[in-house]
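Numbering (our numbering), first residue to last: 58 to 411.
Here a beta-carbon is modelled for each residue, glycine too, at the ideal position from N, C-alpha and C.
Every value quoted in this text rests on a predicted model; they were computed, and no experiment measured them.
Let me begin by presenting the structure, written as structure tokens, before commenting on it.
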Amino acid sequence: MKLNIAVLAGDGIGPEIIDQALKVTQAVCNKFGHELSYEHAITGACAIDEVGEPYPDATHELCMKSDAVLFGAIGDPKYDNDPKAKVRPEQGLLGMRKKLGLYANLRPVVTFPSLIHKSPLRTDLVDGADFMCIRELTGGIYFGEKGRSEDRNTAFDTCTYTREEIERILKLGFEYAMKRNKKLTIVDKANVLETSRLWREVGQEMVPDYPEVETEFMFVDNAAMQLIQWPKNFDVMVTENMFGDILTDEASVITGSLGMLPSASIGVHTSVFEPIHGSYPQAAGKDIANPLATVLSAAMMFEYAFDLKEEGALIREAVDASLEEKYVTEDISEGTSYKTSEVGDWLTHYINQK
Ligand code: IPM
Ligand code: MN
């Protein structure tokens, strides 16, 4: 098969972790006889520095004509500490999601046996936790009208959802539940928010279409609590944009490391595969960042964008093997730790040897 990939490394540790994912992707392609071609494009703070905008048209055009996008991370502290900045790196990521119509962000949360002791939770609570969080990605408060009063002392952000937006994401939630353990948790704040009441209304209307799925509705504050009390009770969780952002960061630490969780954003145009962690600027250029979330995002790319299941499985096998061998970066190591690039080389070697 021919694989045409757009590579958006972004800022901070982005380029380093993307390099490892590319090495692994290339190795898998060699092994299975696929022809890989990829092109890099800029986004985030580095794109602002270079051309004044975080998601330039040229980058969007490349994404549009590619079969998949492999994305690193964006963000730079110089913007985080400047609330008055006119353009921000994050606008690049949000612009890309919107323009590509990526309304669903799939974030599988799984635990790795060798990392369980790193979890802040008791082993018996997390061991075996495995659920899929589906986050709505192109609506809600992230994209609603926002602004300031004339004297700039009052600010507002609005949260809007249409029935269509809710239906298409809930449909995905129900379908995933059918493919998994048939349990769906719809997270909202229907006791306070009108948008959430519409979510709940639409959800209730859809329940009879999926009689095999055990559906529950849960307030987001309760979900935040249940997630650390009984993470194993979840199978598929579906929620709106901002709740999903917050809950998946919470979920990621439960597994023992933020550096392990991949994601797939899917929708109308080209799908994007990216780690859920950020650009970790303190580590940039040091060759110490954990590349596994990005490598696992590449596995999701094979599976979701190309329907190449065996290829994805081989990447997962290599990652599991590196964890067992304790050939890992310092964030998850005990004793000896290895560089980002060394982990990438190890994984590549493993795949070549297979
Ligand atoms: C994420 C990130 C982004 C988000 C930021 C960088 C805009 O936190 O992908 O979870 O909030 O969606
Ligand atoms: Mn986030």
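Suppose the cutoff is 8 angstroms on Cβ atoms and the five residues either side in sequence are ignored; what does the same chain contact list for Thr-211 look like? In the sequence shown, the residue the question calls residue 211 occupies position 154. Within the same chain, Thr-211 has close Cβ partners Arg-205.
Helix, strand or coil, according to DSSP, for Thr-180 in the structure here? Within the sequence shown, numbered from 1, the residue matching residue 180 stands at position 123. Three-state DSSP puts Thr-180 in a helix.
From the DSSP output, in three-state form, read off Ile-333 for me. The residue given as residue 333 occupies position 276 in the sequence shown. Here Ile-333 sits in coil by DSSP.
Consider the C-beta atom of Glu-224 and the heavy atoms of the ligand IPM; say whether any pair is separated by less than 6 angstroms. Position 167 of the sequence shown, counted from the start, is the residue given in the question as residue 224. The nearest non-hydrogen atom of the ligand IPM is 6 angstroms or more from the C-beta of Glu-224.
For a test of your reading of the model: does the CB of Asp-302 fall under 6 angstroms from any non-hydrogen atom of the ligand NAP? Yes or no. In the structure on display, the ligand NAP does not appear, and the ligands it does have are the ligand IPM and the ligand MN.
Which word fits Asp-377, buried or exposed, when buried means at least 16 other C-beta atoms lie within 10 angstroms of its C-beta? Along the sequence shown, read from residue 1 onward, the residue named residue 377 stands at position 320. Taking every protein chain shown into account, the CB of Asp-377 has fewer than 16 other CB atoms within 10 angstroms, so this residue is exposed.
Run the CB neighbour count on Ser-390, radius 10 Å, all protein chains shown included, and call it buried at 16 or more, exposed below. Here residue 390 corresponds to residue number 333 of the sequence shown, with the count starting at 1. Answer is exposed; the Cβ neighbour count stays below 16.
Rounded C-beta distance between Ala-350 and Ile-372? I'm assuming under 8 angstroms. Taking the sequence shown and counting its residues from 1, one reaches residue 350 at position 293. Taking the sequence shown and counting its residues from 1, one reaches residue 372 at position 315. About 12 angstroms separates the two Cβ atoms, so there is no contact after all.
In the DSSP assignment, find the unbroken alpha helix (DSSP H) run with Val-166 in it and report its ends. Looking up residue 166 in the sequence shown gives position 109. Per DSSP, Val-166 belongs to no alpha helix (DSSP H); it is in the beta strand (DSSP E), 161-167.
Using the three-state DSSP reduction, which class does Leu-119 fall into: helix, strand or coil? Reading the sequence shown from its first residue, position 62 is the one you call residue 119. Here Leu-119 sits in helix by DSSP.
Please work out which residues of its chain come closer than 8 angstroms, Cβ to Cβ, to Ala-281, disregarding the five sequence neighbours upstream and downstream, and give them in chain order. In the sequence shown, counting from the first residue as 1, residue 281 sits at position 224. Closer than 8 angstroms at Cβ, skipping near neighbours: Ile-303, Leu-304, Glu-307.
What residue range does the beta strand (DSSP E) around Ile-198 cover? Working through the sequence shown from its first residue, we reach residue 198 at position 141. Here Ile-198 belongs to no beta strand (DSSP E), and DSSP marks it neither H nor E.
In three-state DSSP terms, what is Arg-47? Only positions 58 to 411 of the chain appear in this structure, which leaves residue 47 out of reach.
Measure from the alpha carbon of Ser-320 to the alpha carbon of each residue in Gly-149, Pro-134, Cys-190, Ile-74, then state which is nearest. Position 263 of the sequence shown, counted from the first residue, corresponds to residue 320. For the residues Gly-149, Pro-134, Cys-190, Ile-74, the minimum Cα distance to Ser-320 belongs to Cys-190.
According to DSSP, what are the bridge partners of Met-275? Looking up residue 275 in the sequence shown gives position 218. DSSP output for Met-275 lists Val-244 as bridge partner(s).
Can you find the residues in the same chain that come closer than 8 angstroms, C-beta to C-beta, to Val-108, ignoring five residues on each side of it along the sequence? Residue mapping note: residue 108 aligns to position 51 of the sequence shown, counting from 1. Closer than 8 angstroms at the Cβ level, and outside the excluded window around Val-108, lie Ile-99.
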